[in-house]
Each structure stands twice: as C-alpha cells, then as structure tokens.
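**Q** Below is the structure I would like to discuss, written out as structure tokens.
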Amino acid sequence: MNKNQVTSEHHFPWDHPRFRSWIAVARACQLMQQTLTREIAHLDIKPPHLDILINLYRFDGISQQELARKLLVGRSNMSMLLPQLEKRGLILRRGDEKDKRVLRLSLTPEGRSLTEAAMEIHTGLIEKSMEGSPIEECMIVAKSMERLIGILLKEESELSEESAD
C-alpha cells in the first residue's frame, strides 16, 4: 500500500484526517461564497465580478490574460464577465501602447467606489467568521492552503505541458 492510500485504521475516506480537513475547507469556502453573494447582492454584483474588481483595484492596468491567469479562469469566462462590468461603467478596457493586441484593464471612479464598498463587506465577513481564531492559527491555515495551491498549480502546469507535446 502506498502512503497516499487510506490506511487500515481508516476504512472510509471521510474517516481520514486529510479528507476531513479537505471537506471542512471546501464547505467553509462554499458557505462563505453563499454568504458573500447574499451580502453584496444590493451592489448588483456577484463574487466572480468582485474577484475581477478586487484584482483591478490591486493591479491597475493588468492585462486581460494576466487577470485570467490570476483568477484561474479561461478566456471564455473573462469574455462573458468583462463586458458586463464595462457596460455598467465599472471598468475600462484599452489597448496596450506597445502591443495593440493586449487589452489593459482599469477601474473607473465608479468601479473603484463600488469595489471599496464590496471589499468592506467582504472584509467584515472574514473578520466576523474568524474572530475566534488566533492569528497564529489563521497563518497555519494560510500557509497550508498556499502550499496546496503550489502543488496543484505545478500539477496543472505539468499536465498542460504533457498535452502540448
């Protein structure tokens, strides 16, 4: 039996500590998404819009391709969401000065204001839900998830390279 298989003391995956941990993280993320969706509904945005807006707030002038890579989504998702935000006057798309094929993205003043209001709600939800967790515990979870992200991104990259061959 290899080390990744369930040991004899754990007959079912849900009894395995790593599986239990994974399910807890997934459920917490899903519940946070549901709560966030409800809390920002009055702003007429959904979490995928907020992900875009926050990234544009942080990385003004980011390219459409870089944004898709950061959000781990395909071009089709971007091509559906960006026009919605642009039509509402929340973002601007403009050609790159050096390479006209590249689109650079920025928030409009209205987009910046809406993003700040949504970030305040989001931050408040995070604070409220984690107020009983010591900072050290939060950092352990963050480091564990960052390590997991690195592993999964590496595997994704290797699979992409294999399929390109």
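Residues in the sequence shown are numbered from 1 upward in steps of one, following this note's numbering. Every residue, glycine too, gets a C-beta built ideally from N, C-alpha and C. Computed from a prediction, not measured in an experiment: that's the story for all the values here.
Are the Cβ atoms of Ser-106 and Leu-72 separated by less than 8 Å?
**A** Contact flag unset, no.
**Q** Do Leu-92 and Pro-48 come within 8 Å of each other at the CB atom, strictly closer than that value?
**A** The answer is no: Cβ separation not under 8 Å.
**Q** Please state if the CB of Ile-52 and the CB of Leu-85 are separated by a distance shorter than 8 Å.
**A** Yes. Within cutoff.
**Q** By how many angstroms is the C-alpha of His-11 removed from the C-alpha of Ile-121?
**A** Rounded to the nearest angstrom, the two C-alpha atoms are 42 Å apart.
**Q** Does Gly-74 come out as helix, strand or coil in the three-state DSSP assignment?
**A** Correct three-state label for Gly-74: coil.
**Q** Looking only at DSSP bridge pairs, what is Arg-101 linked to?
**A** None, per the DSSP bridge assignment.
**Q** What first and last residue would you give for the beta strand (DSSP E) that runs through Arg-18?
**A** Careful: Arg-18 lies outside any beta strand (DSSP E), inside the alpha helix (DSSP H) at 17–40.
**Q** Does the Cβ of Arg-58 lie closer than 7 Å to at least one heavy atom of the ligand ATP?
**A** Among the ligands in the structure shown, none appear at all, so the ligand ATP cannot be discussed.
**Q** To the nearest angstrom, how far is it from the Cα of Leu-43 to the Cα of Leu-114?
**A** Cα to Cα, Leu-43 sits roughly 7 Å from Leu-114.
**Q** Work out the CA separation of Cys-29 and Leu-36 for me, nearest whole Å.
**A** Leu-36 and Cys-29: Cα-Cα distance of roughly 10 Å.
**Q** What's the gap between the Cα of Lys-98 and the Cα of Ile-62?
**A** Distance between the alpha carbons of Lys-98 and Ile-62 is about 14 Å.
**Q** Given that a residue counts as buried once 16 or more other Cβ atoms are within 10 Å of its Cβ, and exposed if not, what is Ala-24?
**A** Classification for Ala-24: exposed.
**Q** Applying the criterion that 16 or more other CB atoms from any shown protein chain within 10 Å of the CB defines a buried residue, is Leu-159 buried or exposed?
**A** Exposed, since its Cβ has fewer than 16 Cβ neighbours within 10 Å.
**Q** Three-state secondary structure (DSSP) at Met-1?
**A** Low confidence applies here, because Met-1 scores a pLDDT of 46, under 50, leaving its location unreliable; read the following figure in that light. If DSSP states are grouped into helix, strand and coil, Met-1 belongs with coil.
**Q** Expressed to the nearest angstrom, what Euclidean distance is found between the alpha-carbon atoms of Leu-148 and Gly-89?
**A** One C-alpha to the other measures close to 37 Å.
**Q** What number of angstroms, rounded off, separates the C-alpha of Glu-162 from the C-alpha of Gln-65?
**A** Going from the Cα of Glu-162 to the Cα of Gln-65 covers about 22 Å.
**Q** Within 10 angstroms of its Cβ, does Leu-152 collect 16 or more other Cβ (buried), or is it exposed?
**A** Label assigned to Leu-152: exposed.
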